[in-house]
Every structure is written in C-alpha cells, then in structure tokens.
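K.L.:
Here's a structure for you.
In this note's numbering, the protein residues as written are 4 to 390.
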C-alpha cells in the first residue's frame, strides 16, 4: 500500500501559517522590561549630572518599545511586530502624559503635606499681623509656623461661587437659544464665533477687561474721583473676570449636551400640546442635566486656579474679607504667588515657601474634589436606561 502524499499535502505541511508561525515565550516581556530598566538607568546616569527618575522612566519606556519590536520581529513575524509596536507606542504616549501629572502631585504632596500635618492651624489662620520676625523666629528658634491660608481659601471659594452664579444662567440660556430657537441663523453663527474667540482669550486680557469695565461703571455712575481705580479692586470684579473665562466653556458644553437629546422626546411633548418653553424645562433639560452639571463643574475647576485675573482685579489682602463688593481680597493662587516671590522674611524664606506649598496642596485638593463631584453628578443624574 503506497503512502505517497500528494504535492498539495506536502506543500501545506511544509509551509507555515503566518498567523501561527513562532510564538515568543510568555515571559519575554518581563525580561525585555528588566533589561530596559537597566539600560534606562544607565542612560539617565550618563546624560544627567544627578540621577533623574523621570528620565529613567522615559528612557526605559523607549528602549522597551524598540527592544520588543526587534524581539517580536525575530521570534514571530513582521505583522505581529508592527501590531505590538503601535500598541506599545500608545502605552508610551499614555505614560509620557502621566509623567507631568504624577510629578506635580508627588512634588506638591512631598512639600505641602508635612506643613499641613505639623501645622494644622494654617487652615484656620490668615496672614494678618505676621511679620518677618515671626518667620525668622520659626527658622532660628523652631517656633510654630505663623500665619495661614484661611483668607486665600475663603477668597477662592467666594470668588468662584460668584463667578458661577454669573456664568451658569448666561451660558445655559445662550445654549438653549442656540439649540432650540435659533434654527442656525446668522445670529447663532455670530454667537458661536464670539464664543470660540472667548475660549482662546488669555486670562490676563479677561482680567483687564473686567477691571476697565467696572472702573468705567464706577466713574460714570458712582464717583468720578481718582479713587475709582481702588474701588474697582474687589472680589466681585475678579468674579466678573472669571465669568468671561467660564461662559464660553458653559455655552459649548451645554450646547453639546442639549443637541444629543433625541428629537423624538420633544415631538412627543409637542404632540401632547405642551408649549415649547415647558418642553425645554420639563423634558430637554432634565434629559441633559447630567452632562450639563458635569460641564459646569469642569468649568468651575478650570477657573479655580486662575491667578492673573484675580491679581489684577482683587489685589492682595492679609486678612479674611467676607465682602465681595468692598475691599481687596486674596485667592489661593495669588497667595501662593506672593509667598513664593515676596517672602515675609526674604533672608529666611523657608516658612513662606512652606505656606505656599500648603496652599498649592489645598488648591489641588479643591480642583480634584470638583472633578470628582462632576463625575458623581453625571452618574447620579444620568438618564435611566432600563437595564
């Protein structure tokens, strides 16, 4: 009985399928990663005077991507090597994007957390009456850290709240007009154009605009004296400046959320004889409320850390000011800037820098809480899917 195989059968057995040809061991990536870490450490030590953890991670990631491509190409095939290369490049881009964020958080935590732990009273004290002698005593005699960030914390919360009260109604009504009433006419196009322009306005320009507008109002309707420039510096003026930055963000985010509401919901409401304004209030806005709330919260987080508009319009105070319409007011970004650039005791700047780092940590916590609240609100008000 002959066992001779046909030519087609021999060809199929001798050829290797490109999809199953060669498989690299499952532990290959661990070996390559370990080697990449070693090479990255060597490059970081050779190229920098002192060892840099950030450079080490970046060099190691680049070496890992290249080495994995070569290894996969050698052990498997070109298709898998190319696929792995692009996958690793995506992860590398993600890692590089995380490096600045992690670096900032680690640096601020490392410098600000010890100050808050060792001097918790910094959260309840302001800088009223604090002089250079107090910081000198802290450095030379080891006394407790004088002063605190309370006035900056109060100023940040009050100015941000006022700007939110101004911005949200204007932004919400503008977006309702754009989506529900404009029919994409020329006026709607004009509004969108100016909203896009406002989105790119530098914060210092918004601050100067608010200051000039309030000063002109005071000189026209209240007092023509030169003191109008000083009267214009209030927390409310700073809130107006922040509103200029907030409104375009609120308009754009709210407009997008209103547009995704299905037209079937509107038409069903109209079919029942409900008027348009009531349909918007009872159907459209509740359906889009999760996205609207999330967008508003993110807009608040965006302006919380602004420095230039507040420095121009609210000035700098050493004590807590609860009146938005009278007197100078301090916000945390301005407080941090002043503590770093103008220490209370220039010859002994460590206490001022410690207060600045503590203020920076509190500011980051506020922004992170706002982002967390945005996610919670979006999830809480999300339309029920019935699943």
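For every residue, glycine included, the Cβ atom is placed at its ideal position computed from N, Cα and C.
Only a predicted model underlies this, so the values are computations on that prediction, with no experimental measurement involved.
#1: Have a look at residue 204 and residue 116 and give me their C-alpha separation to the nearest angstrom.
#2: Taking the straight line between their C-alpha atoms, what separation do you get for residue 282 and residue 65?
#3: Identify, in the order they occur along the chain, each residue of the same chain with its Cβ nearer than 6 Å to the Cβ of residue 273, setting aside the five sequence neighbours on each side.
#4: Give me the Cα-Cα distance between residue 80 and residue 70, rounded to the nearest whole angstrom.
#5: Hey, would you say residue 151 sits closer than 7 Å to residue 114, going by beta carbons?
#6: Report buried or exposed for residue 263, applying the criterion of at least 16 other Cβ atoms within 10 angstroms of its Cβ.
#7: Go to residue 374, then tell me how far its alpha helix (DSSP H) extends in each direction, as first and last residue.
#8: Is it true that the CB of residue 244 sits closer than 7 Å to the CB of residue 210?
#9: Just to confirm, is the Cβ distance from residue 327 to residue 238 under 7 Å?
#10: Assuming the contact rule is C-beta atoms closer than 8 Å, residue 380 and residue 296 should be a hit. Round their C-beta distance to whole Å, please.
#11: Do residue 333 and residue 155 count as a contact pair if the criterion is CB distance below 7 Å?
#12: Looking only at its chain, what residues have a beta carbon closer than 6 Å to the beta carbon of residue 291, apart from the 5 residues adjacent to it on each side?
#13: Measuring only from the beta carbon, is residue 322 closer than 6 Å to any heavy atom that is part of the ligand SAM?
#14: Taking the CB atoms as reference points, tell me whether residue 394 and residue 177 lie closer together than 7 Å.
#15: Excluding the 5 residues preceding and the 5 following residue 149 in the sequence, name in chain order all residues of the same chain whose CB lies nearer than 6 Å to its CB.
#16: Enumerate, from N- to C-terminal direction, the unbroken alpha helix (DSSP H) stretches of 4 or more residues contained entirely within the stretch 67–136.
#17: What distance in whole Å lies between the Cβ atoms of residue 125 and residue 358, which are believed to be in contact at a cut-off of 8 Å?
#18: Please work out which residues of its chain come closer than 7 Å, Cβ to Cβ, to residue 140, disregarding the five sequence neighbours upstream and downstream, and give them in chain order.
#19: Note down the Cα distance separating residue 86 from residue 26, rounded to an integer number of angstroms.
#20: Between residue 344 and residue 354, how many whole angstroms is the CB-CB distance? I'm expecting something under 8 Å.
#21: Is residue 201 helix, strand or coil by DSSP?
#22: Is residue 343 helix, strand or coil by DSSP?
#23: Thinking C-alpha only, which one of 75, 195, 323 and 319 is nearest residue 236?
#24: Whole angstroms are fine: how far does the CA of residue 286 sit from the CA of residue 175?
#25: Please give me, in chain order, every unbroken run of the alpha helix (DSSP H) with length at least 4 that falls completely inside the stretch 155–207.
#26: Since residue 119 contacts residue 363 with CB under 8 Å, what's their CB separation in whole angstroms?
P.N.:
If we stick to the structure as given:
#1: The count along the chain shown starts at 1 and reaches residue 204 at position 201. The count along the chain shown starts at 1 and reaches residue 116 at position 113. So the two alpha carbons sit approximately 34 Å from each other.
#2: Within the chain shown, the letter at position 279 stands for residue 282. Within the chain shown, the letter at position 62 stands for residue 65. Those two C-alpha atoms are separated by around 55 Å.
#3: Along the chain shown, read from residue 1 onward, the residue named residue 273 stands at position 270. Contacts found: none.
#4: Locating residue 80 in the chain shown gives position 77, where the first residue counts as 1. Locating residue 70 in the chain shown gives position 67, where the first residue counts as 1. Cα to Cα, the separation comes out at about 15 Å.
#5: In the chain shown, counting from the first residue as 1, residue 151 sits at position 148. In the chain shown, counting from the first residue as 1, residue 114 sits at position 111. Cβ distance not < 7 Å, so residue 151 and residue 114 don't count as in contact.
#6: Locating residue 263 in the chain shown gives position 260, where the first residue counts as 1. So residue 263 counts as exposed.
#7: The residue labelled residue 374 in the question sits at position 371 within the chain shown. Where residue 374 is concerned, the enclosing alpha helix (DSSP H) stretches over 353–383.
#8: Walking along the chain shown from the start, residue 210 turns up at place 207. Walking along the chain shown from the start, residue 244 turns up at place 241. Against a cut-off of 7 Å, the Cβ pair of residue 244 and residue 210 comes out as a contact.
#9: The residue given as residue 327 occupies position 324 in the chain shown. The residue given as residue 238 occupies position 235 in the chain shown. Against a cut-off of 7 Å, the Cβ pair of residue 238 and residue 327 comes out as a contact.
#10: Start at 1 with the first residue of the chain shown, and residue 380 comes out as number 377. Start at 1 with the first residue of the chain shown, and residue 296 comes out as number 293. Contact flag correct, Cβ pair sits at about 4 Å.
#11: The residue labelled residue 155 in the question sits at position 152 within the chain shown. The residue labelled residue 333 in the question sits at position 330 within the chain shown. Cβ atoms of residue 155 and residue 333: closer than 7 Å.
#12: Start at 1 with the first residue of the chain shown, and residue 291 comes out as number 288. Excluding residues within five positions, the ones whose Cβ falls inside 6 Å are 260, 261 and 264.
#13: For the structure depicted, the ligand SAM is absent and the ligand set is empty, with no information on it obtainable.
#14: What the structure shows of the chain is the stretch from 4 to 390, and residue 394 is not part of that stretch, so it cannot be assessed.
#15: In the chain shown, the residue the question calls residue 149 occupies position 146. Hits under 6 Å: 133 and 137.
#16: 81–121
#17: As a first step, residue 358 must be located in the chain shown, where it is residue number 355. As a first step, residue 125 must be located in the chain shown, where it is residue number 122. Confirmed, about 7 Å.
#18: Within the chain shown, numbered from 1, the residue matching residue 140 stands at position 137. If we look at residue 140 and ignore the five residues flanking it on each side, its Cβ neighbours are 146.
#19: For this step, residue 86 is matched to residue 83 along the chain shown. For this step, residue 26 is matched to residue 23 along the chain shown. Roughly 14 Å separates the two Cα atoms.
#20: For this step, residue 344 is matched to residue 341 along the chain shown. For this step, residue 354 is matched to residue 351 along the chain shown. 15 Å between Cβ atoms; not a contact.
#21: Counted from its first residue, the chain shown places residue 201 at position 198. Here residue 201 sits in helix by DSSP.
#22: Against the chain shown, residue 343 aligns to sequence position 340. Residue 343 falls in the helix class under three-state DSSP.
#23: Start at 1 with the first residue of the chain shown, and residue 236 comes out as number 233. Out of 75, 195, 323 and 319, 319 has the C-alpha closest to the C-alpha of residue 236.
#24: Along the chain shown, one-based indexing puts residue 175 at 172. Along the chain shown, one-based indexing puts residue 286 at 283. Whole-angstrom Cα-Cα distance: 15 Å.
#25: 189–202
#26: Locating residue 119 in the chain shown gives position 116, counting from the first residue. Locating residue 363 in the chain shown gives position 360, counting from the first residue. With a Cβ gap of about 11 Å, residue 119 and residue 363 do not count as contacting.
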